[in-house]
Structure formats: structure tokens, C-alpha cells
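Single-structure report; data block below.
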Amino acid sequence: MPELPEVEYVSRSLNTLVVGRTIVSAELYRPKLAPATDPRQFAALMADAAIASVGRRGKHILIGLSNDRTLIVHLRMSGTFSVLDPDLENPKFTHAVFHFSDGDRLVFSDQRHFGMMKVVDNADLPAAKELAKLAPEPFSNDFSEVYFREALSRSSRNLKEFLLDQTKVCGLGNIYASEALFAARVDPRIVAGALSKPGSARLYRAIREVLREAIEHNADLPVDPANIDANYFSGGNSSGWFVYDREKMPCVRCKSPIVRLKQGGRSTFFCRVCQRNRRNGPMTV
Ligand SMILES: [Zn+2]
Numbered sequence: 000m001p002e003l004p005e006v007e008y009v010s011r012s013l014n015t016l017v018v019g020r021t022i023v024s025a026e027l028y029r030p031k032l033a034p035a036t037d038p039r040q041f042a043a044l045m046a047d048a049a050i051a052s053v054g055r056r057g058k059h060i061l062i063g064l065s066n067d068r069t070l071i072v073h074l075r076m077s078g079t080f081s082v083l084d085p086d087l088e089n090p091k092f093t094h095a096v097f098h099f100s101d102g103d104r105l106v107f108s109d110q111r112h113f114g115m116m117k118v119v120d121n122a123d124l125p126a127a128k129e130l131a132k133l134a135p136e137p138f139s140n141d142f143s144e145v146y147f148r149e150a151l152s153r154s155s156r157n158l159k160e161f162l163l164d165q166t167k168v169c170g171l172g173n174i175y176a177s178e179a180l181f182a183a184r185v186d187p188r189i190v191a192g193a194l195s196k197p198g199s200a201r202l203y204r205a206i207r208e209v210l211r212e213a214i215e216h217n218a219d220l221p222v223d224p225a226n227i228d229a230n231y232f233s234g235g236n237s238s239g240w241f242v243y244d245r246e247k248m249p250c251v252r253c254k255s256p257i258v259r260l261k262q263g264g265r266s267t268f269f270c271r272v273c274q275r276n277r278r279n280g281p282m283t284v
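Residue 249 in numbering that gives the first Met the number 0 sits at position 250 of the sequence shown, and the numbers go up by one each step.
Next comes the structure, spelled out in C-alpha cells:
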């Protein structure tokens, strides 16, 4: 599933490609993509609106319309946008099409069928359930070290699951959570509320660092309008991720084998030596 840096890449790409274009009609091919409206309502809410902006909140893409509405999009597992000219056919799993007045169209395809769209009035946007409970953006002033420390202190879950909770920390998924924990040298099994103060400070910095590094990498990638693919940036060195998907491979720091374990039904990858929890609190596993 795309995480914050990948969604940022898609958002920035769309911002370049579609802002200023006018939607003359919208077709919802898979009604469950936007369950709050039927296809006719969905189309009516966007007809003749220009795209004023494309932004992001957490892992949601926000497409701002000139009619004071916003299209909220979650890519989930495999949602992909394409901007196509009339000569190009729709991709195989096309679930929504937005026809522009200039003849081009914006297409949303989704092989796995988990994507989500919703049109809301801008006045209702802050209260939309998709956004209302999200933690502060990781690069905002509200996501301070004090905020992070307080959120940790109130949680009895392990650190890995804590980091995946979008109401506590916004934007991390399975990959960047594992990478941030490795960068901070903290054990993913520690109870969040028991993390030491130095560990908390390191983890706070690591979250922002791994996200920033990936966003900056993605910013240099070429954009293919026909396939605005949120490719993962595979880690901070040329050989790939530091820990993610590296089970039994040597740790880049200490050479001991990377361990994989299940937390909350998801795989966590970590180094038992670099991330040992000496001086930290109890563990949940
Ligand atoms: Zn190590």
C-alpha cells in the first residue's frame, strides 16, 4: 500500500497534470468505489467543475474543485491515476473516468478494488470521517516532539502498531514504520508508553527523516501521465531497504541477520542487535 511519500508523489504529479482543467462529466464504473453516492449523484457533484488544486492529507489525495467541493481519494492497495488523451484506451481495471473539456481524461484504475472516493462540500471537509481523526501531518508544527511523546505515553500497544495508527502518527505504513524504528535503533516490540525519552526523541527524528528522504527521492522521478505509479523508494542506500523485506539478510550496520516477526497481523523487520531494548521498558511480545 502506498505510504505518505508515494501519495505525495501522486498528489504532486496530479497537481502538475490536471489543475486548471475542467471536468465535463464523470463516470463511476464501479459504484462501490464511492459508496456514499450513486454514480448519477457522483457525476452531478463534479459536472462542469474545474480542478482548482490537488493536495494530500495523510495518505488521502484531496482534489479541490471550483464548485467548493473536494474529491477525497484513497489509493489503498493498487489505485492508480492516469491522464490519457483520446487515442489511449482505458486501463484494464478502470473504475472511474473524469472527462475534461479539452478531450483528455483522468482515469482511476484499481486492480485490487480497495480504492475509495468521496465528494464532500469544502465546509464539511475538516469533519469528514476520513480526515477528522488523523494525526497532525509529520512535517507540520503540530507534530512536535512534545505531541509525539504524549501520544506515546498514552498507548499500551507495541511501537510498530502504534506507528501504523493514523490517528497517532500520520502517513507511515508497514515499510516506513520498520525503517524508522531501525533508524532510531529502537525495538519494535517495546510498549509505546514505555519508550525511554531518548528513544522517543530518536524515533521522532527518524520518522521525519525516512519520510523526507523518500519524498525527496520521489520528487526527482520522471512522471508518466499514463501511469502515475506510486513506486516505493527502496531505502536509503543503493542495495534497497535497510530492514524491510530483508529477513535473514545481514544487517547493514552489524551484519547480524534481520529478523521478521508478526505484529498486528503485519510483518515487522528489525535487527535484534542494533534495536535491542536495553534501558527501555517492557515489551508486548
Ligand atoms: Zn544490526
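Think of the CB as a built atom: it goes at the ideal place given N, C-alpha and C, for glycine as much as any other residue.
Just so we're clear, the structure is a prediction, and the values are computed from it rather than from any experiment.
* What's the call for residue 170, buried or exposed, on a 16-neighbour Cβ count within 10 Å? -> buried
* Measuring from the CB of residue 275, is there a heavy atom of ligand 1 at a distance below 6 Å? -> no
* To do: Identify every residue that forms a DSSP beta bridge with residue 60.
  => 55 and 72
* Return the CA-CA distance between residue 205 and residue 100, expressed in angstroms with no decimal places. => 45 Å
* Asked: So what's residue 31 in DSSP terms, helix, strand or just coil?
  -> helix
* To do: Pick out whichever of 173, 217 and 195 has its Cα sitting closest to the Cα of residue 259.
  => 173
* Could you check which residue in 89, 52 and 116 has the C-alpha nearest to that of residue 75? => Residue 116 is the option with its Cα nearest to residue 75.
* Asked: When we look at the beta-carbon of residue 253 and count the other beta-carbons within 10 Å, is it buried (16 or more) or exposed?
  -> exposed
* Asked: In three-state DSSP terms, what is residue 165?
  -> coil
* Asked: Can residue 272 be considered in contact with ligand 1, in the sense that its beta carbon sits closer than 6 Å to one or more heavy atoms?
  -> The nearest non-hydrogen atom of ligand 1 is less than 6 Å from the C-beta of residue 272.
* Is the closest heavy atom of ligand 1 to the C-beta of residue 259 under 6 Å? -> no
* Asked: Okay, do the region 104-116 and the region 21-36 touch, 3+ Cβ pairs below 8 Å being the bar?
  -> The region 104-116 vs the region 21-36: in contact.
* **Expected contact under 8 Å - CB spacing of residue 106 and residue 90 to nearest Å** => 6 Å
* Say yes only if the C-beta of residue 184 is nearer than 6 Å to one or more non-hydrogen atoms of ligand 1, and no if none qualify. => no
* Is DSSP giving residue 40 helix, strand or coil here? -> Note: residue 40 maps to helix in three-state DSSP.
* Asked: Cβ of residue 252 within 6 Å of any heavy atom in ligand 1?
  -> With a cut-off of 6 Å, the C-beta of residue 252 is classified as near ligand 1, since at least one heavy atom of the ligand falls inside that distance.
* Tell me whether residue 89 sits in a helix, a strand or coil according to DSSP, three-state version. => coil
* Tell me the DSSP bridge mates of residue 0? -> DSSP lists no partner for residue 0.
* Identify whether residue 191 lies in helix, strand or coil by the three-state DSSP scheme. => In the three-state reduction of the DSSP assignment, residue 191 falls in the helix class.
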